[in-house]
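Using the UniProt record's numbering, you'd call the opening residue of the sequence shown number 1 and step up by one each time.
Working notes, beginning with the structure itself.
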Amino acid sequence: MKKGNQESKIPYEWDQLPEARTPVFIWIILTHIATITLQTVSEPLLLNSLIFTVLIIIHFLLYSFIGKVKWMKPWIYIVIQGGIILLCGFTMPHGFPATFVGLYTLLIGQSVGLYYRASKVFMVSIFSILSMSFMTVLLEQSHALFTYLIIMIPMTVSVVGYSVMLFRQVYAKRELEASLRELEMAHEEVEQLTIANERQRMARDLHDTLAQGLAGLIMQLEAINAHLNSGNIKRGQEVVHQAMGRVREALADARSAIDDLRSHGSEKRNLTESICDEVNRFREATGVPCELQIPSILSLPTLLTEHCHHIVSESLINIARHARAECVSVKVEKGADNILYLEIRDDGIGFMQEEINNKTGHYGLLGMRERVRILKGELIIQSQPQKGTVIKIEIPIGTGELR
């Protein structure tokens with residue numbers, strides 16, 4: 001048992017513990033039957049038996065609703081119940097041994113749940129034994145007191161042991177129920193976060209497939225229009241074929257994104273090949289020189305490859321649509337510190353970063369930031385009007401993940 005300070009109030013609501021209340025109810029019924037039987041055999045007293053029954057009911061009701069009496073303290077409960085037991089014994093002069101032995105033993109067992117402290121339970125035991133001894137002497141049955149004590153003390157030890165085990169189980173069950181409620185709440189929070197993350201993922205995938213594909217198609221259509229206006233029909237037809245291929249690729253990417261949303265799986269890709277393809281598409285669509293520095297073979301985990309590919313693709317599309325650049329460079333390298341470094345640089349018109357941050361609709365930049373955050377990396381954007389833009393990204397590869 002605990003040896004802490006005494007609680008000032010009943011430590012829990014008894015009516016919420018049916019595991020503890022049911023044995024008490026059975027014990028009280030057996031005590032009532034034994035007392036009535038002893039009294040009836042010796043001297044039937046109908047009125048006294050009715051009064052005794054009412055007192056027993058009050059005794060049980062007080063026990064059952066003790067948790068709802070806010071002002072009730074444990075010691076007050078013990079004193080009141082002890083007084084009721086004395087009255088029960090006084091009304092049944094020939095049946096009081098069963099009443100005292102049964103109900104005082106029960107009261108000691110209840111004190112385990114009230115205090116859960118050995119010293120307090122011992123004090124309640126002394127109080128109960130003295131009360132029983134006093135009434136036994138008062139009813140002129142002192143010659144049988146020793147016999148009653150011989151019966152009561154072993155029963156008390158058994159009841160206290162049972163009460164300790166019972167309340168340990170009850171408290172353990174309540175703690176388990178509380179833990180389960182917390183677990184359910186945590187599970188609901190995880191579900192909400194999962195839904196939110198899935199929405200963000202779908203938004204990124206839609207942007208990286210449909211939006212980027214359409215943006216690339218627009219650039220190629222503009223190039224076709226320029227070639228046709230200048231009379232360069234042959235070159236215009238070449239760009240038309242490239243645009244058709246680009247549309248097919250965009251459609252395949254969209255289907256792949258849908259399949260990935262359904263199966264959460266993706267095909268392994270080599271980052272070097274993916275970025276080389278993006279740079280070549282950019283060169284063909286815009287005619288802008290793009291220098292690429294990347295290891296000949298850079299095979300990374302699938303998730304890292306996918307996100308880095310989309311980051312580079314989005315950066316090049318933004319350059320083609322907004323930068324009016326004449327020279328672009330893409331640099332990818334793996335550092336000795338197991339960090340992947342990406343740098344996309346252009347000499348275009350640049351922008352004021354404050355204006356971009358305050359405007360809505362820049363889903364590409366938002367998607368890039370989300371991807372870097374997912375990879376636990378760092379994104380740095382440096383830009384000034386008429387001085388170009390530099391995007392620097394540092395992403396930890398993770399020990400043992402490089403393949």
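A virtual CB, placed ideally from N, CA and C, is assigned to each residue, including glycine.
* Asked: Skipping 5 residues on each side, what residues in its chain have a beta carbon closer than 7 Å to that of residue 240?
  -> 224
* Asked: Considering only residues of the same chain and omitting the five flanking positions on each side of residue 107, which have a CB-CB separation below 8 Å?
  -> 78, 81, 82, 85, 124, 128
* What three-state label does DSSP hand residue 294 in the structure shown? -> coil
* What are the boundary residues of the alpha helix (DSSP H) that includes residue 74? -> 74-91
* Asked: Alpha carbon to alpha carbon, how far is residue 55 from residue 25?
  -> 14 Å
* Asked: Which class does residue 371 belong to by DSSP, given the choice of helix, strand or coil?
  -> helix
* Asked: So, is residue 282 buried or exposed, given that buried needs 16 or more other C-beta atoms within 10 angstroms?
  -> buried
* To do: Determine contact between the region 110-117 and the region 42-57, defined as no fewer than three beta-carbon pairs at a distance below 8 Å.
  => no
* Does the region 375-390 come close enough to the region 338-356 that 3 or more CB-CB pairs lie under 8 Å? -> yes
* Compute the distance between the beta-carbons of residue 288 and residue 339, then report whether it is under 9 Å. => no
* Do you know whose CA, among 308, 390, 34, lies nearest residue 323's CA? -> 390
* **Pick from 330, 382, 344 that is closest to residue 354, judged by C-alpha positions** => 382
* **residue 89 versus residue 189 - alpha carbon distance** => 58 Å
* Name the residue from 149, 186, 119, 187 whose alpha carbon lies nearest to the alpha carbon of residue 133. => 149
* residue 277, enclosing beta strand (DSSP E) - first and last residue -> It is not in any beta strand (DSSP E) - residue 277 instead sits in the alpha helix (DSSP H) that spans 271-286.
* To do: Count the other C-beta atoms from every protein chain shown that fall within 10 angstroms of the C-beta of residue 31, then say buried if there are 16 or more, exposed otherwise.
  => buried
* To do: Give every residue of the same chain whose Cβ lies closer than 7 Å to the Cβ of residue 139, excluding the five residues on either side of it in the sequence, and list them in chain order.
  => 93, 96
* **Distance between beta carbons of residue 375 and residue 304, contact taken as under 8 Å** => 6 Å
* Asked: Span of the beta strand (DSSP E) holding residue 379?
  -> 378-383
* **Backbone CA spacing between residue 343 and residue 315 [nearest angstrom]** => 10 Å
* Asked: Buried or exposed: where does residue 167 fall if 16 or more other Cβ atoms within 10 Å of its Cβ makes it buried?
  -> buried
* C-beta contact flag for residue 332 and residue 308 at 9 Å -> yes
* Euclidean distance between Cα positions of residue 284 and residue 233 -> 16 Å
* **residue 396, enclosing beta strand (DSSP E) - first and last residue** => 389-396
* Asked: Got a sec, what are the start and stop residues for the alpha helix (DSSP H) residue 131 sits in?
  -> 118-138
* May I have the straight-line CA-CA distance separating residue 164 from residue 40, to the nearest angstrom? => 35 Å
* Which of helix, strand or coil does DSSP assign to residue 300? -> coil
* Asked: Which first and last residues belong to the alpha helix (DSSP H) in which residue 62 is found?
  -> 46-64
* residue 315 bridges to which residues according to DSSP? -> Partner(s): none; residue 315 has no beta bridge.
* Use the C-beta contact count for residue 182: other C-beta atoms within 10 angstroms, 16 or more gives buried, fewer gives exposed. => exposed
* If we call anything under 9 Å between Cβ atoms a contact, is residue 293 one with residue 330? -> yes
* Please classify residue 329: does DSSP put it in a helix, a strand, or coil? => strand
* What does DSSP give as the partner residues of residue 337 in its beta bridges? -> DSSP output for residue 337 lists no bridge partner at all.
* To do: Could you give the DSSP three-state label for residue 344: helix, strand or coil?
  => strand
* Go ahead and label residue 173 buried or exposed: buried means 16 or more other beta carbons lie within 10 angstroms of its beta carbon, across all protein chains shown. => exposed
* Asked: Hey, would you say residue 395 sits closer than 9 Å to residue 370, going by beta carbons?
  -> no
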